[in-house]
Amino acid sequence: LKVVFHERYCEPYGWDPAAAPERIESILREIEGDFEFVTPRPATLRELRLAHTRAHIESVRHLSPRIFEAARLAVGGAIKASEIAIRGEPAFALVRPPGHHAGRKSCWDFCFFNNIAVAVEGLRRSGSVGRVLIVDIDYHYGDGTADIFAEAPDVVYHHVAANTRREFLKKLARCLEASKYDLLAVSAGFDAHREDWGSPLETEDYEEIGRLISIFAGERCGGRRFAVLEGGYNTRVLGKCVKSFLHGFAGP
Ligand SMILES: [Zn+2]
Numbered sequence: 008l009k010v011v012f013h014e015r016y017c018e019p020y021g022w023d024p025a026a027a028p029e030r031i032e033s034i035l036r037e038i039e040g041d042f043e044f045v046t047p048r049p050a051t052l053r054e055l056r057l058a059h060t061r062a063h064i065e066s067v068r069h070l071s072p073r074i075f076e077a078a079r080l081a082v083g084g085a086i087k088a089s090e091i092a093i094r095g096e097p098a099f100a101l102v103r104p105p106g107h108h109a110g111r112k113s114c115w116d117f118c119f120f121n122n123i124a125v126a127v128e129g130l131r132r133s134g135s136v137g138r139v140l141i142v143d144i145d146y147h148y149g150d151g152t153a154d155i156f157a158e159a160p161d162v163v164y165h166h167v168a169a170n171t172r173r174e175f176l177k178k179l180a181r182c183l184e185a186s187k188y189d190l191l192a193v194s195a196g197f198d199a200h201r202e203d204w205g206s207p208l209e210t211e212d213y214e215e216i217g218r219l220i221s222i223f224a225g226e227r228c229g230g231r232r233f234a235v236l237e238g239g240y241n242t243r244v245l246g247k248c249v250k251s252f253l254h255g256f257a258g259p
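Heads up: the sequence shown begins at 8 in this note's numbering, then just goes up one per residue.
Here it is, written out as C-alpha cells:
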C-alpha cells in the first residue's frame with residue numbers, strides 16, 4: 008500500500024475543524040514507517056472541470072489563494088492515489104481539505120473541491136475504468152459526491168451509516184455484495200468513531216472495515232482500490248483509526 012502525502016497538507020489554510028494541521032500530524036505519527044510515501048502534484052484546472060463548473064472553481068479561487076492552492080493539492084493527492092490503484096496497488100490519499108460535500112456547482116462544510124470525484128472522473132474519461140463503486144464510511148452523507156454522479160449510472164455511491172457497530176459492518180457488507188466493478192474508491196472519514204461525532208465505531212472496527220473492502224476489491228474489482236481521507240476530528244483517536252483501517256485495507 009502506498010500513502011500519497013505532501014508536506015503542504017500540514018500547512019494552515021483556514022480555521023474550520025477540517026483545516027486543523029493536527030489532524031494530519033496525528034495520522035503521520037501513527038503510520039510513518041509502516042508504508043511507502045509518494046508525493047502528488049496539484050490538480051490542473053482542466054482536471055477540476057471534470058467534476059465542477061467553471062463558476063464554482065472561480066468562487067473557490069476568490070475565497071483565498073491559500074484555500075485554492077490547498078484544495079487543488081488535495082485533489083492532486085486523490086488523483087495520484089487513483090493512478091496507483093489502477094496499476095493494482097492499494098493507495099491512501101492522506102489529504103486535507105476533505106471533499107465529499109463539494110458538488111458540481113457548490114460546496115459547504117469544510118470542503119471545496121471533490122477530491123474523490125475528480126479522481127474517479129479522470130479515470131473514467133481516459134477509459135481506464137467503466138463501473139466504479141464509491142463507498143463512503145464518513146459519519147456524514149457525501150451529498151457532493153452523490154450530486155456529481157447523480158446522472159452517471161456506471162458510478163454507484165453508497166454511504167454507510169448505522170447506530171451500532173454490528174449494524175455498520177452488516178450494512179457495509181451488504182453494499183459490497185452487489186455486482187462487479189472496475190474500481191473501488193473509499194471516502195474514508197473517521198468521525199463515526201465513538202469518541203468523535205459520537206457514532207458507534209471503535210478503533211479496531213476500522214481494520215475490519217478495511218479488510219472487508221480489501222477482500223471485496225480482490226474478488227470483484229481486480230484488487231483496484233484507493234481511499235481518500237474525509238472527516239475525523241478527534242486527534243486523540245484519528246491517527247489510530249487510520250492506522251487500523253490501512254492495515255485492513257492493505258490486504259493480506
Ligand atoms: Zn464527516
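Don't be surprised by glycine CBs; every beta carbon is placed ideally from N, CA and C.
Can you find a heavy atom of ligand 1 that lies under 8 Å from the Cβ of residue 22?
-> In this structure, residue 22 has its beta carbon at no less than 8 Å from each heavy atom of ligand 1.
For residue 106, which option in 234, 242 and 162 has the closest C-alpha, if you only look at C-alpha atoms?
-> 234
Any non-hydrogen atom of ligand 1 closer than 8 Å to residue 165 Cβ = False, no ligand heavy atom lies under 8 Å from that Cβ.
Taking all protein chains shown into account, do 16 or more other C-beta atoms lie within 10 angstroms of the C-beta of residue 231, making it buried, or fewer, making it exposed?
-> Around the beta carbon of residue 231, a 10 Å sphere encloses 16 or more other beta carbons of the protein chains shown; the residue is thus reported as buried.
For residue 261, which of 209, 224 and 58 has the nearest alpha-carbon?
-> In this structure the chain extends from 8 to 259, so residue 261 is not present and cannot be described.
Hey, how far is the Cα of residue 252 from the Cα of residue 206?
-> 17 Å
Within 8 Å: the Cβ of residue 213 and any heavy atom of ligand 1?
-> no
Mind checking whether the beta-carbon of residue 145 lies closer than 8 Å to any heavy atom of ligand 3?
-> Looking for ligand 3 in the displayed structure turns up nothing; the ligands present are ligand 1.
Any contact of the stretch 213-229 with the stretch 79-89, i.e. 3+ C-beta pairs under 8 Å?
-> no
Under three-state DSSP, which class holds residue 156?
-> coil
Helix or strand or just coil, what does DSSP make of residue 165?
-> strand
Would you tell me roughly how many angstroms separate the C-alpha atoms of residue 219 and residue 9, rounded to the nearest one?
-> 19 Å
Helix, strand or coil: which one does DSSP assign to residue 82?
-> helix
Checking contacts by CB at 9 Å: is residue 126 closer than that to chain D?
-> Considering every chain present, this structure includes no chain D. It has just one protein chain.
Let me know the secondary structure DSSP gives residue 76 once reduced to three states.
-> If DSSP states are grouped into helix, strand and coil, residue 76 belongs with the helices.
Hey, out of 23, 34 and 191, whose CA is closest to residue 14's CA?
-> Comparing Cα-Cα distances from residue 14 to each of 23, 34 and 191, the minimum goes to 34.
C-alpha distance - residue 221 paired with residue 53, whole-angstrom precision | 31 Å
Can you check DSSP and say which residues form a bridge with residue 200?
-> Answer by DSSP bridge pairing, in chain order: 208.
Spatial neighbours of residue 36 within its chain, please: CB distance less than 7 Å, with the 5 preceding and 5 following residues excluded, ordered by chain position.
-> 246
Which one of 67, 249 and 165 has the shortest CA to CA distance from residue 184?
-> 165
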